Amino acid sequence: MALCKGKTIYHTLLGIYKQQISTSYFSTNKVLSNMYKDRVPSVQSIGELNALCIDDKPVEKKIRIPAKSEFSSAVTYDPIVQKFINILMRDGKKEKTREIIEQVLENIKMKQIENYHKATTDAEKAMVVTDPLKVFHGAVENCKPLLILKTIVKGGSGYRVPVYCHERRRLRVGINFIIKTCDTRKRKVPLSTVLATEILQAYNNEGNAVGKKHQLHKECEAQRAFAHYRWK
Amino acid sequence: MASVIYRIVSKQPSGYCINSSLLRSSSSLKCWQRCVTTFRTEISDPSEHSFDHEGQFYTIPKKDVQKIFMLNWMSPHEKNMNKMFQEFSILIRRPALEVMDILKRLNYNYPLTRFLLYGEMNAGKKFTMTHIMHYCRSQNWVLLTVPWANEWNCKRLDVSFNHHKESLFDLPVHSKILLEDFLLKNMSLIKEFTTSTTYEFSEHEASEQGIPLTDLISFGITRMKFANDVVGALLKELQILANNDKIKLLVTIRGINSFWRKTGQKKEKVQEIHAQQLTLVNQFMELLQSDTKNAVAMCSTESWVNDVTDRKSYLPTELMGKEGVDFLEPFLPIEVPKYGNAELQSVMDYYIDRRWIQAPEAKTLDGRAQIKFLSGHNPYQLYRVCVPL
Amino acid sequence: MAASIPTATRSFIKFIGSELWFSTGYRTPSKCLTRTLSTQSVASTDSEVTRPKRRAEKLSAAMKAFLKRAKEHESKINKYTEEYELGRKHLANMMGIHPDEMTQEHINEAIRYLLPSGLFDKGSRPQFKHPKDILPLNFDFPFDKAGRPYHYQYYTLLPNYHCIMSEAAWRMECLREEEVRIGSTGAPPQEEMKHLSEEYEWMDLRTFLNYFKSNHSEVVQVNEHNRFVILMTKLSKMRLREQDVAFLKQFGSPKTSEINVMDTEEIKKFYVNEQGRKFRTKNGYRKSAIAQVTVYAEGEGILEINGKGIEYFESQYAREQVLFPLVLTSSLNKVDVHARVEGGGEMGQSGAIRHGLSNALLPFVSQQMVNKLSLSGLLDRDSRVKERNKPGQKKARKQFQWRAR
Amino acid sequence: MASRRLVQLSNEHWIVLNIKRSTVHHLQRCCVHSRIKEDLEDENFKVLNILRDKDVKRFKWEKPPDVRTLSRADCMKTDMNWTSVWPTKAPFRWGSVPLPIRQGYRKKEYKLSAGKYGNAELVKIPNFLHLTPPHIKTHCQAIKKFCTEFPSELKNREIRKANFPLEVITSDYVTCGTSIRDPRSREVTVNVDLSVLKFDEHSVTKIKKLAGDKMDEKAMTLQLKSDRCPVRKQNFDFNVYTLTALYYESQEKEDWEDEMEESDWVKYQWDKTQSKKKILKLKHRIQQINSGEKTDLASSVSKSDPSVSVVDTEDDIQSYKSAFSNLKDEGDSRETLNAYKQSVLKLLKL
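As structure tokens, then:
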């Protein structure tokens with residue numbers, strides 16, 4: 001946004017971070033709300049739910065959109081992992097995709113825990129992050145781009161314009177980076193192993209997915225001259 | 001550092017159980033810290049295990065793991081787990097203790113005793129067998145293991161006609177693997193023994209009387225064509241040795257119900273080979289039916305052998321059929337059940353210790369209850385549920 | 001002038017309404033309409049003398065036909081009523097009942113017995129009803145002899161609806177003028193005026209539709225209702241006189257401070273079995289699966305699904321679904337659950353159990369937990385199902401590949 | 001506007017013509033007209049005036065009389081005896097039913113569905129006009145004189161069962177149709193309580209096999225049904241014959257019953273199986289070892305028939321037998337397998 005006025009990406013980013021709205025990723029679902037026009041959306045996060053139900057005062061009776069079938073309050077539930085599964089899924093085979101992701105987490109965990117147990121001193125042990133979800137979240141966070149390129153047609157010719165996007169879009173693009181790096185895998189290598197190595201790399205800010213993000217940023221920097229087309 | 005604290009050994013006999021009234025007072029980490037001392041025992045010699053140790057983990061020494069289990073017995077996944085935890089610990093469970101108790105009291109002059117382990121899928125039959133094998137090894141038994149009998153049926157490897165009996169089929173590759181495994185496991189125990197008779201494998205090749213047993217085996221390994229015959233000779237030799245009180249023999253067969261199934265293999269005019277037509281199966285069945293002294297057979301029925309459609313029941317007759325039961329009787333059926341509550345808690349403690357469970361909310365009582373619920377008391381499911389935690 | 005706002009009776013409105021058009025110079029939709037209204041208003045107020053003579057007397061052909069039809073209809077109804085009465089007596093005789101005791105319910109029952117029909121459309125089954133119930137009785141005649149409609153809003157197609165709307169609009173206009181007058185001159189208001197103390201809740205769509213259908217036989221649409229609500233809300237926010245309040249009260253009532261909560265009796269209803277255990281059984285539905293879930297209070301956390309444990313479901317998702325309400329209400333290990341489920345696939349069955357379980361749990365958890373269940377949407381049936389395949393199409397929406405050649 | 005007309009060709013032959021109404025009009029008009037002209041101007045030149053003449057009275061199509069006015073229902077009184085109007089089962093006749101019934105699809109709300117006159121829909125559906133409450137009352141009164149009271153002593157089901165183990169069920173049907181016979185009335189069901197017959201073990205299993213699904217194995221009752229023969233008595237006789245045959249056949253024991261193979265056994269017979277030999281041999285070995293005999297393995301097997309030295313009535317053998325037969329008969333379960341395990345442990349002296 002501020003890019004057109006000659007600021008660097010860094011300044012642009014600062015602006016974006018300030019503008020970020022602190023709502024959960026999945027509080028709204030357009031498809032669902034379209035489907036149930038006459039229904040009230042239900043609360044889709046445990047934190048919100050706990051905040052809403054503090055006392056014994058009965059709430060208003062309304063017909064609500066039922067909770068999604070992957071949503072759960074169990075310890076094993078994680079929204080970002082579910083989002084990842086939904087993006088990775090092909091032909092509606094969710095259970096299969098879930099198994100793959102479980103394999104990925106298992107691989108990550110195995111590798112990290114092995115390192116942990118191999119480490120001799122406490123200091124070394126403290127360095128190893130053994131929580132697979134932490135690694136996973138970190139990797140996704142590292143792959144999120146700050147700006148994306150959007151093609152805008154002006155005067156008959158298209159321009160690739162750097163555009164900032166909201167949190168959900170960034171998450172999706174980041175996840176897609178990770179998934180797309182695995183397209184080039186060899187035929188007999190299982191997807192889970194490739195994904196696991198990729199995620200571990202991304203967690204350390206290395207690897208192809210992060211490279212893609214940097215590539216995108218560079219392109220954005222290069223195209224900043226067109227940034228004003230965003231408003232015109 | 002934490003692991004150091006938890007490894008305090010309690011030598012008291014522990015009726016290990018999370019006492020609910022005790023724990024209900026506070027659902028914090030302190031509770032499991034209090035109980036955690038009992039999930040592990042330092043006694044690594046299985047002969048000293050008694051019913052007091054039930055529900056505790058013990059670690060198999062690394063040299064034993066390398067020697068007995070590493071080559072053929074452990075699946076790749078188990079090897080990975082071993083690598084990850086940097087140790088090979090198994091839970092001491094009632095069925096294994098029961099079998100060991102019987103083995104301690106058994107009169108070895110009686111003909112061969114057959115144990116049959118049965119239980120649901122992933123209920124822990126294999127690790128029960130592992131425990132018993134370790135016990136037998138600690139008693140210097142000779143171990144003859146068939147890690148996965150169904151492999152003879154499934155894998156499309158070379159099938160050749162038997163030279164001596166035309167209706168039978170040899171599996172040279174499998175026989176070779178079996179011999180290698182046997183040699184690795186029992187090298188130190190059998191190197192003094194020699195063969196009792198001559199074995200003629202073909203017109204030109206024969207093994208003379210009085211050559212060391214290891215030579216016979218290595219002959220089988222190098223000359224794969226005769227590997228299957230060598231297995232037969234070996235089994236006969238082992239029987240003779242056992243009958244002469246020189247060795248004690250433990251025969252372990254995983255998935256014995258595959259003996260009464262069709263194989264997926266074809267050979268020339270024979271459309272589909274039945275497992276009963278395999279030389280290996282015949283040789284092992286002969287061994288199991290013999291009156292050998294000083295020998296124990298430990299078999300297990302596995303639902304995995306069957307097709308997906310008939311895995312409804314895990315009980316022996318359902319899996320083996322009447323033929324199998326008639327062949328095996330009298331046998332000692334030992335059920336390997338799913339985890340009980342106490343065992344479940346112990347395993348979770350172990351996982352927490354080994355960092356398989358690390359999410360703080362999973363370590364609370366509530367989290368444990370959820371894991372228990374999701375796993376359905378099934379050992380493997382328990383492991384899987386904890387993957388993202 | 002403005003003080004004498006008309007009441008709802010037809011003639012009065014006609015009279016006043018027509019005068020209002022002139023006096024206030026209200027922007028009319030068409031001048032033509034105003035003209036007809038003016039003449040018609042005179043005609044309707046019994047002042048025969050002032051009726052313009054150039055129109056009238058001669059009946060138009062349409063009018064004649066209309067009158068004829070009305071007459072026919074009347075005679076038809078008379079005939080049918082006679083037949084009905086006679087038939088009723090006959091039927092009473094046939095069924096062995098005294099004719100005076102024969103009510104319409106008796107008749108219906110008798111006909112259902114004597115001439116049973118399984119036709120799906122209930123209207124097509126044998127009927128024996130009073131013509132009043134079958135035929136539209138009020139063959140109302142909205143014209144005068146000259147062919148002009150009585151009602152000044154007749155050509156809007158929804159005369160009564162627009163009458164109410166225009167009245168509301170007129171009242172608003174008056175109030176606004178009054179405000180301006182007070183503001184500019186500082187004179188005291190002619191009548192006592194004040195804001196409404198509480199917010200009003202207007203007729204909801206269903207009652208609104210019914211109101212017009214039963215009272216005026218007018219079919220109004222959703223849009224009309226929306227406009228109605230907007231206008232009424234606007235009006236209610238102004239400073240009102242007493243008569244305005246009375247007008248508004250016809251169509252709405254003050255919002256109650258009590259919110260519409262779930263029926264506590266229904267929530268807390270449970271039964272006690274022979275062993276003295278409290279339990280409650282509820283059905284749950286998802287896709288094509290149906291589950292009957294029984295929750296026993298004060299249990300040890302036993303779960304039984306079709307005679308098995310949680311291993312009935314292989315999928316992790318399905319297991320988590322069953323767990324969801326239990327964890328949310330923190331009643332895991334506190335209740336026993338027995339479920340019988342059939343139909344559907346794995347996820348459908350687990351969803352059905354989730355639905356039934358959440359509803360069956362209600363009496364055994366606190367109100368806070370009930371709120372949680374309600375807010376997270378666990379108590380409601382997930383009505384999404386697979387859309388059917390259409391003939392000539394590949395899937396529900398997807399069409400066969402086609403290329404012009 | 002097609003009208004259907006009957007035209008008589010001769011005394012016996014009629015044909016049906018579908019003529020357009022307007023054509024009929026025109027033709028007739030022409031004919032009438034020409035005839036009149038003919039009469040008037042008999043002597044003059046006859047003009048065929050086809051064109052319409054205003055003076056001539058137009059031919060008027062007469063409405064056929066309304067058949068509905070002639071119906072019987074119109075003259076019925078409201079207190080008539082309906083049972084005499086509609087005595088038996090009959091399809092719906094609009095003329096005889098004095099009710100203004102309507103049936104049919106209503107296209108619009110304000111339109112009426114079709115009345116009873118000529119309404120085929122009303123004929124299609126069944127009716128119960130012959131079974132109104134007055135009908136039933138009269139029927140009952142007519143039958144009453146044939147009925148006797150049920151003996152009060154036999155109202156207790158237990159007593160009835162004990163004294164009359166054979167139960168015969170027949171049904172009679174009163175019908176208003178053209179035939180007074182109903183095919184269902186010849187059906188005879190015979191229920192027998194087999195516990196009265198005092199079977200032994202063999203015959204019980206045999207009759208179970210013979211009777212198949214006619215036998216309720218839990219309650220030990222036999223239900224024989226027959227409707228094959230044309231007369232009820234024959235059916236009853238057939239049932240009784242079947243019962244007799246079953247009874248005697250179950251008492252007999254054929255030679256081949258002893259030669260049945262294991263797969264055909266109803267119950268597992270341990271004594272006849274290889275299992276017994278195997279166990280006795282094992283027992284023999286164990287006894288030898290326990291008594292301190294040091295026999296060679298090969299010789300001990302061939303030395304003597306083990307059943308001679310081992311008594312199969314010993315406690316552990318018996319328990320093994322029962323446990324193994326149980327396992328075979330009832331199938332696997334945790335209980336049977338545990339019992340089997342205990343028996344084997346006992347056998348091995350553990």
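Protein chains in written order, with full-length UniProt numbering: chain A, 1 to 232; chain B, 1 to 389; chain C, 1 to 405; chain D, 1 to 350. No residue lacks a Cβ here, since even glycine has one placed at the ideal position from N, Cα and C. Given the structure is predicted, the values throughout are model-derived calculations rather than measurements.
Quiz item: Which one of C:Glu298, C:Glu314, C:Glu82, C:Leu375 has the shortest CA to CA distance from Val261 (chain C)?
Solution: C:Leu375
Self-check item: Residues near Arg90 (chain A) by beta carbon distance below 8 Å, same chain, minus five either side
Solution: Correct list, in chain order: Thr97.
Quiz item: What residues in its chain sit with their C-beta under 7 Å from that of Leu213 (chain B), if we drop five residues either side in the sequence?
Solution: Ile190, Phe193, Thr194, Thr195, Glu237
Quiz item: How about Pro133 (chain D): is its C-beta nearer than 8 Å to some C-beta of chain C?
Solution: yes
Self-check item: Backbone CA spacing between Asp55 (chain A) and Ser72 (chain A) [nearest angstrom]
Solution: Taking the CA atoms as reference points, Asp55 (chain A) sits about 22 Å from Ser72 (chain A).
Quiz item: Can the beta-carbon of Asn87 (chain A) be found less than 8 Å from the beta-carbon of Ile175 (chain A)?
Solution: The amino acid occupying residue 87 (chain A) in the given sequence is Ile; Asn does not appear at that position. In contact: Ile87 (chain A) and Ile175 (chain A) (Cβ atoms closer than 8 Å).
Quiz item: When the Cα atoms are used, what is the spatial distance from Pro134 (chain D) to Gln104 (chain C)?
Solution: Between Pro134 (chain D) and Gln104 (chain C), the C-alpha separation is close to 20 Å.
Practice problem: Check whether the Cβ atoms of Ala340 (chain C) and Asn306 (chain C) lie closer than 8 Å to each other. | Solution: The amino acid at residue 340 (chain C) is misidentified as Ala; the sequence shows Arg. Result yes, Cβ atoms of Arg340 (chain C) and Asn306 (chain C) sit closer than 8 Å.
Quiz prompt | CA-to-CA distance, Cys75 (chain D) to Glu149 (chain D), given in whole angstroms | solution = 44 Å
Quiz item: CA-CA distance, Ile217 (chain B) and Ile256 (chain B)?
Solution: 24 Å
Practice problem: Check the Cβ-Cβ distances between Lys212 (chain A) and every residue of chain C, and say whether any is below 8 Å. | Solution: False, the Cβ-Cβ gap to chain C never drops below 8 Å.
Quiz prompt | Within chain A, partners of Lys79 (chain B) - CB distance below 9 Å | solution = Going along chain A, no residue has its Cβ under 9 Å from Lys79 (chain B), so there is no contact; the nearest lies around 11 Å.
Quiz item: Quick one: does Phe69 (chain B) have its CB under 8 Å from some CB of chain A?
Solution: Taking Cβ atoms only, chain A never reaches closer than 8 Å to Phe69 (chain B), which makes this a no.
Exercise. My understanding is that Ile92 (chain B) touches His49 (chain B), with C-beta atoms under 8 Å, so please give their C-beta distance in whole angstroms.
Key: 6 Å
Self-check item: Within chain B, partners of residue 356 (chain D) - CB distance below 9 Å
Solution: Residue numbering for chain D in the displayed model covers 1 to 350; residue 356 (chain D) lies beyond these limits and cannot be assessed.
Quiz item: Taking the DSSP output, what are the residues bridged to Gly158 (chain A)?
Solution: Answer is A:Val153, bridged to Gly158 (chain A).
Quiz item: Residue range of the alpha helix (DSSP H) that His338 (chain C) falls in?
Solution: It is not in any alpha helix (DSSP H) - His338 (chain C) instead sits in the beta strand (DSSP E) that spans 336–342.
Quiz item: Would Val387 (chain B) count as contacting chain A if we go by Cβ distances under 8 Å?
Solution: yes
Quiz item: According to DSSP, what are the bridge partners of Arg223 (chain B)?
Solution: Bridge partners of Arg223 (chain B): none, in fact.
Quiz item: Can Asn160 (chain C) and Phe228 (chain C) be called in contact, C-beta distance under 8 Å?
Solution: no
Quiz item: What did DSSP end up calling Asp291 (chain B) once you bin it into helix, strand or coil?
Solution: Coil, per DSSP.
Quiz prompt | Minimum C-alpha distance to Pro66 (chain A) - residue among C:Ile182, C:Gln321, C:Lys268, C:Val337 | solution = Among C:Ile182, C:Gln321, C:Lys268, C:Val337, the Cα nearest to that of Pro66 (chain A) belongs to C:Gln321.
Quiz item: Which residues bound the beta strand (DSSP E) around Tyr58 (chain B)?
Solution: 57–59
Practice problem: Counting only the same chain and skipping the five closest in sequence on each side, list residues whose C-beta sits under 6 Å from that of Ser336 (chain B). | Solution: Correcting the residue identity first, residue 336 (chain B) is Val in this sequence and not Ser. Within the same chain, Val336 (chain B) has close Cβ partners Pro95, Leu117, Gly119, Ala123, Gly124, Lys125, Thr128.
Self-check item: Secondary structure, beta strand (DSSP E): runs of 3+ residues fully inside the segment 140–194 of chain B
Solution: 142–146
Quiz item: Count the other CB atoms within 10 Å of the CB of Met110 (chain A); is the residue buried (16 or more) or exposed (fewer)?
Solution: buried
Quiz item: Using a Cβ-Cβ cut-off of 7 Å (strictly less than) and excluding sequence neighbours within five positions of Met203 (chain C), which residues of its own chain qualify?
Solution: Closer than 7 Å at the Cβ level, and outside the excluded window around Met203 (chain C), lie Tyr211, Phe251, Gly252.
Practice problem: Could you round the C-beta distance between Leu280 (chain B) and Leu171 (chain B) to whole angstroms and report it? I think they count as a contact, below 8 Å. | Solution: 6 Å
Quiz item: Is Trp402 (chain C) helix, strand or coil by DSSP?
Solution: Three-state result, Trp402 (chain C): coil.
Quiz item: Which residues share a DSSP beta bridge with Pro76 (chain B)?
Solution: Looking at the DSSP output, Pro76 (chain B) sits in no beta bridge, so it has no partner there.
Practice problem: Under the assumption that Ile101 (chain D) contacts Lys116 (chain D) (Cβ atoms under 8 Å), give the Cβ distance between them as a whole number of angstroms. | Solution: 5 Å
Quiz item: According to DSSP, what are the bridge partners of Asp193 (chain D)?
Solution: D:Thr221
Self-check item: Beta-ladder partner(s) of Thr281 (chain C), from DSSP
Solution: C:Thr294
Self-check item: Neighbour-count burial assignment, Leu48 (chain D), 16 or more Cβ in a 10 Å radius
Solution: Looking at its Cβ environment, which holds fewer than 16 other Cβ atoms inside 10 Å, Leu48 (chain D) is exposed.
Self-check item: Cross-chain neighbours of Gln103 (chain D) in chain C, by beta carbon under 9 Å
Solution: Leu115, Ser117, Leu119, Ser124, Arg125, Pro126, Gln127
Quiz item: So is Val196 (chain D) buried or exposed if we call it buried at 16+ other beta carbons inside 10 Å?
Solution: exposed
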